[in-house]
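One structure is given here, and the rest of the page talks about it.
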Amino acid sequence: MTKEYNLTIDGQKIIAQEGTSILDAALENDIFIPHLCHHPDLKPEGACRLCGVEIDGGRMVMSCLSTVGEGIDVKTDSSEIRQARTIAMELLIADHHMDCLACAAANDCALLDISAYLGIQPDRLERLRPSDKGLPIDESNPFFQFDPNKCVVCGICVRTCNEIVGLGALGFINRGFKTVIGTFGNKPFTESICESCGECVVRCPVGALAPKTPKFAAREVQTTCVYCGVGCGIYLGVAGDKIVNVRADRERPTNEGSLCVKGRYGFNFINHPDRLTKPLIKKDGEFVEAEWDEALELIASKFVQSKGDKFAALASAKCTNEENYLIQKFTRAVMETNTVDHCARL
Ligand code: SF4
Ligand code: SF4
Ligand code: SF4
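In this note's numbering, the protein residues as written are 3 to 348.
Here it is, written out as structure tokens:
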């Protein structure tokens, strides 16, 4: 059985399981500690130096790297902590491109949120600001772009591609103030091993990795990706009668918040004007639109005439296992042939 510890955070008595970080224990109990490089899906790194807390009135530790202990007394705010965080934050922002009004992440930017929380003063930043990095934006990927001028080098994208995707397409390049994130050889994304899954994009806390055409949804519909039999849980973002984005369902056990490139970005076919929304029947050499009843009756009559070796079935990876089972059963038991195959074998 996992051990539990009693501790105090800002005077609030808390029970947390052994191995839980102080940061997670605080967040789970609605106590905010600023953090940029921490993500619940990833191993902690302690890179941004924002989540410092005091333990037992003495030493300051990074709360993402320190675990809970029996009877400890944690303070998340004091003049010393605030000063350390403010300096760490000013150094991060001073090196950050400040084109916030034109940024895709302006509505959801951890850097802006934490700046407001700490009360960062713009006049101090001007003094610290080095010359504009002027690094080129990588727009090679069709779905997202990478602006290294906005990157705070938190390493979340690097860890995401390593720990979640298992590909390792990204890494740190250079050192100190010149450190940037990049692909092997700092090549454009499309010339790297990146598979465009967007896992790093959705976890980037600022606008450095951002969708190319961000659109805001008025509401979301929970559903299942239709591209393959994995059946990842998704939320479709809807604006008017159009689907404008896709978000992974973190509660679905099949994907736990992850998606591949098809599930995340391959939704434009839904609204495409060329998409067939009615069945077509060939009449006098031309395909003409028909009603569903007419099409289904025609198919059933053709099936009756095609029993045995005239018939073959090709099943789809988009179907569930149960649907694919039914296709083979129908082929063997009703159509009296064993000629049945599956697109995933081709
Ligand atoms: S898009 Fe996916 S594969 Fe490409 S770098 Fe990001 S996490 Fe890695
Ligand atoms: S691109 Fe985003 S996630 Fe990656 S290091 Fe920069 S700020 Fe962090
Ligand atoms: S997101 Fe990718 S892996 Fe998941 S169901 Fe869709 S196509 Fe399959």
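Cβ atoms here follow ideal geometry from the backbone N, Cα and C, with glycine treated the same way.
The stretch 173 to 186 touching the stretch 245 to 252, judged by at least three CB pairs closer than 8 Å: Segment contact: the stretch 173 to 186 against the stretch 245 to 252, fewer than three CB-CB distances shorter than 8 Å; contact not assigned.
Straight-line Cα distance separating residue 70 from residue 237: If I take the Cα positions, the gap works out to 35 Å.
Nearest to residue 31 (by Cα), restricted to the options 274, 10 and 62: Ranking the options by Cα distance to residue 31, first place goes to 10.
Which of helix, strand or coil DSSP assigns to residue 25: Helix, per DSSP.
Residue 261 beta carbon near ligand 3 (any heavy atom closer than 6 Å): Residue 261: yes, Cβ under 6 Å from ligand 3.
Buried or exposed by the 16-neighbour rule on C-beta atoms within 10 Å, applied to residue 261: Counting Cβ neighbours within 10 Å, residue 261 comes out buried, since at least 16 surround it.
Rounded Cβ spacing between residue 256 and residue 228 (contact assumed at less than 8 Å): With 8 Å as the limit, residue 256 and residue 228 do not qualify as a contact, their Cβ atoms being about 13 Å apart.
Buried/exposed call for residue 119, threshold 16 Cβ in 10 Å: With fewer than 16 other Cβ atoms within 10 Å, it is exposed.
CB contact flag (residue 51, residue 90, <7 Å): The Cβ atoms of residue 51 and residue 90 sit closer than 7 Å to each other.
Start and end residues, alpha helix (DSSP H) containing residue 119: For residue 119, the enclosing alpha helix (DSSP H) stretches over residues 112 to 120.
Counted within 10 angstroms of its Cβ, other Cβ atoms place residue 150 as buried (16 or more) or exposed: Under this definition residue 150 is a buried residue.
DSSP-derived helix/strand/coil call for residue 244: For residue 244, the three-state secondary structure derived from DSSP is strand.
Which listed residue (222, 259 and 234) has its alpha carbon closest to that of residue 241: Residue 222 is the option with its Cα nearest to residue 241.
Residue range of the unbroken beta strand (DSSP E) whose run includes residue 93: No beta strand (DSSP E) contains residue 93, which is instead part of the alpha helix (DSSP H) from 81 to 96.
Bridge partner(s) assigned by DSSP for residue 5: Residue 5 has no beta-bridge partner at all, per DSSP.
Residue span of the alpha helix (DSSP H) that contains residue 253, given as start and end: Boundaries for residue 253: no alpha helix (DSSP H) harbours it, and the DSSP string shows neither H nor E there.
Length at least 3, wholly inside the stretch 126 to 183: the beta strand (DSSP E) runs in chain order: Entirely contained in the stretch 126 to 183, the beta strand (DSSP E) runs reaching 3 residues are, in chain order, 146 to 148 and 172 to 175.
Whole-angstrom distance between residue 294 and residue 160, CA atom to CA atom: So the alpha carbons of these two residues sit roughly 49 Å apart.
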